[in-house]
Amino acid sequence: MFIVDCDCHNYWCDARVLEPYMDGLFKDMFVRGERTGPPGAFPHAHRPWFHPEGFARKDINPINEDDNYLIMKEKHLDLHNIDIAILTGDEPIEASTLANPYYASALCKAYNDYMIDYWIPKDSRFYGSMVVAPHDPIGAAEEIRRVGGHERVIQVLVSHGANRPYGDPFYHPIYEACHEMNLPFALHLGGQGGVNANPIGAGPTTFFWETHALLPQSAMTHMASLIAQGVFEKWKDLKVVIIECGVAWVPSVLWRLDANYKALRKETPWLKQLPSEYFKSNIRMSTQPLEQPADVRHLWATLEAMDGKNTLMFASDYPHWDYDAVNKINIPDDWKENVYGNNALEVYKKIKRQEKAA
Amino acid sequence: MSDLQYLCDIHEVREDKATIVQIGKRSIGVFKLNDGSIHALLNLCPHKGAALCEGPVCGTTKETNDYEFEYIQRNEIVRCAWHGWEFDIKTGEFIVDRKIKARKFLTEIKDQKVYIQLPS
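Chains A and B, in that order, give the protein sequences.
Those letters in the first sequence? Residues 1 to 358, by our numbering.
Those letters in the second sequence? Residues 1001 to 1120, by our numbering.
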């Protein structure tokens, strides 16, 4: 089976790996400015929820920068026969929390150059996500045109924490650039804090585990907004990938959107299909962390309701604490070819299937 | 075969809301559009069986390709009293899915009186 891991985090030990890729004012800020942590911390506003154990698996302990790849290769890529790993960075999407969108864009740009320079050449299985600062849509669009043509840059990535819902016309220059460069737009769980002040409805929750279970709330907002604002009518071929935001909520939100649209279609006369139809044609969900009910039939019925055979894409979230191993995904056997690889190959056209690792 | 059934006098029919007439077990909404034409729909929504014709009579937005709002079919749309599904009074069609239709009756006007054809 051809396996594409749609969420493989390429860590660094120290964000100062970005220094060689920065210049001018923003390099000066990065080197000499106020730090958000000890030397080597990536500049971002912090969440009000601190993981009591830290995010990483405890069997992943890099000491030098190069360990990050070597451990990933041994404990993930080779171990599970991963054919393609889509690198999703780690801290860079947190640039979306900074009030200064120009500094955020400069950090993303440095990360993209570092990722292309340092990570991509390491392994023929790697394809990269370029990160942009969504609150600087003009700068983000420029960056997409600058590096989006790279043969192994296969999507544009932002955090799901955001200033405003992603369907808002404020962001449309980003989608125009994605369309031009033929790249999917992906949002990954993260970016809670700073200027992204409302990741949880009704106000801040208290505990980390409680909060982490509820973070998909923002993804619901983005999904509804992208559909309602007609993003998929303006850019019919645009694919949006929602990463690490849970899955089982999707059918219930689609049912609600369809029901409301039937009554109040007149508010959005640019739509030509039911919300659930836009979902099926334009949105893909990564599996991890796949919900784990006591009776798997309950999950499968839900996944069927969202056409999971065609809308789900396998993701491991290596090397995080809520990692899903390749052999632990509980889905119907006849979906596996699609979910583990074929659906991703449909979305990421730059991946060539014959590039299977030796 | 069909029988002609008297519903009401034409002066009783308004442009801003349906006139509801009870014929045996059937409740029927009678509408007058801006062009003066008279239409009759069964007062029963195909969605959940609500009193369709007791909802507001209004217009809707034309399908557009961008953020444009063109208000059309003024007084040619009835929104079901319960869930607001929009039906085209002229055709009985639900606008979001035109395969779904409210039952429509053919109307005739004779001597300022409104009749519909009922199956005999």
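Virtual Cβ for every residue (Gly too), placed ideally from N, Cα, C.
Partners in chain D for residue i, counting only beta-carbon separations shorter than 8 Å
{"i": "V1096(B)", "result": "Included in the structure are the protein chains A and B, with no chain D among them."}
Any chain A beta carbon closer than 9 Å to residue i
{"i": "K1101(B)", "result": "no"}
{"i": "D1066(B)", "result": "yes"}
{"i": "T1091(B)", "result": "no"}
{"i": "E1015(B)", "result": "no"}
{"i": "E1070(B)", "result": "yes"}
{"i": "R1026(B)", "result": "no"}
{"i": "T1060(B)", "result": "yes"}
Contact belief for residue i with residue j at Cβ below 8 Å, rounded distance in angstroms
{"i": "V4(A)", "j": "A344(A)", "result": "4 Å"}
{"i": "H76(A)", "j": "Y318(A)", "result": "5 Å"}
{"i": "L189(A)", "j": "I243(A)", "result": "7 Å"}
Test: residue i CB closer than 9 Å to a CB of chain B
{"i": "E233(A)", "result": "yes"}
{"i": "W270(A)", "result": "yes"}
{"i": "P169(A)", "result": "yes"}
{"i": "G230(A)", "result": "yes"}
{"i": "E355(A)", "result": "Because E355(A) sits at a pLDDT of 49, beneath the cut-off of 50, its placement in the model cannot be relied upon, and the following sentence gives the value as read from the coordinates. No, E355(A) lies away from the interface with chain B (no Cβ there is under 9 Å from its Cβ)."}
Environment of residue i [buried if 16+ CB atoms lie within 10 Å]
{"i": "W49(A)", "result": "buried"}
{"i": "F42(A)", "result": "buried"}
{"i": "K109(A)", "result": "buried"}
{"i": "R7(A)", "result": "Residue identity check: residue 7(A) is Asp in the sequence provided, not Arg. Looking at its Cβ environment, which holds 16 or more other Cβ atoms inside 10 Å, D7(A) is buried."}
{"i": "Y103(A)", "result": "buried"}
{"i": "K356(A)", "result": "Legend: pLDDT at K356(A) = 47, less than 50; position of this residue unreliable, no value from coordinates given."}
{"i": "T1061(B)", "result": "buried"}
{"i": "Q1112(B)", "result": "exposed"}
{"i": "I63(A)", "result": "exposed"}
{"i": "V1021(B)", "result": "buried"}
{"i": "A197(A)", "result": "exposed"}
{"i": "P204(A)", "result": "exposed"}
{"i": "I1109(B)", "result": "exposed"}
{"i": "N1065(B)", "result": "exposed"}
{"i": "Y111(A)", "result": "buried"}
Cross-chain neighbours of residue i in chain A, by beta carbon under 9 Å
{"i": "G1084(B)", "result": "K262, A263 and L264"}
Listed by chain order, chain A residues near residue i by CB distance under 8 Å
{"i": "E1076(B)", "result": "Residues of chain A passing the Cβ test: none, with the nearest at roughly 13 Å."}
{"i": "E1063(B)", "result": "P269, W270 and K272"}
{"i": "F1087(B)", "result": "Those do not exist, as F1087(B) stays about 12 Å from chain A at its closest Cβ, beyond 8 Å."}
Subject >> Cβ contact check for the region 175-183 of chain A and the region 232-240 of chain A: 3 or more pairs under 8 Å >> reply: Yes, the region 175-183 of chain A touches the region 232-240 of chain A.
**OP:** Kindly confirm or deny that the region 208-219 of chain A and the region 113-121 of chain A touch, where touching means at least three C-beta pairs closer than 8 Å.
**Re:** Result no; under three Cβ-Cβ pairs closer than 8 Å.
Original post:
Can we say the region 251-258 of chain A touches the region 269-282 of chain A, given the rule of at least three CB pairs closer than 8 Å?
Top reply: Touching, yes.
Subject >> the region 1010-1029 of chain B in contact with the region 1100-1118 of chain B per 3-pair CB rule at 8 Å >> reply: The region 1010-1029 of chain B and the region 1100-1118 of chain B touch, with no fewer than 3 CB-CB distances between them shorter than 8 Å.
Original post:
Any contact of the region 334-354 of chain A with the region 218-233 of chain A, i.e. 3+ C-beta pairs under 8 Å?
Top reply: Flag = no, the region 334-354 of chain A and the region 218-233 of chain A do not touch.
**OP:** Would you check if the region 87-101 of chain A and the region 153-165 of chain A touch, i.e. whether three or more CB-CB distances between them fall below 8 Å?
**Re:** Verdict: yes, contact present.
Original post:
Should the region 1095-1105 of chain B be called in touch with the region 1031-1044 of chain B, which here means at least 3 C-beta pairs below 8 Å?
Top reply: Flag = yes, the region 1095-1105 of chain B and the region 1031-1044 of chain B touch.
Original post:
At a cut of 8 Å, does the region 1080-1091 of chain B reach the region 262-271 of chain A through at least three beta carbon pairs?
Top reply: These segments touch.
Subject >> Cβ pair count under 8 Å reaching 3, the region 244-252 of chain A against the region 283-290 of chain A >> reply: Three or more Cβ pairs drawn from the region 244-252 of chain A and the region 283-290 of chain A lie within less than 8 Å of each other, which places the two stretches in contact.
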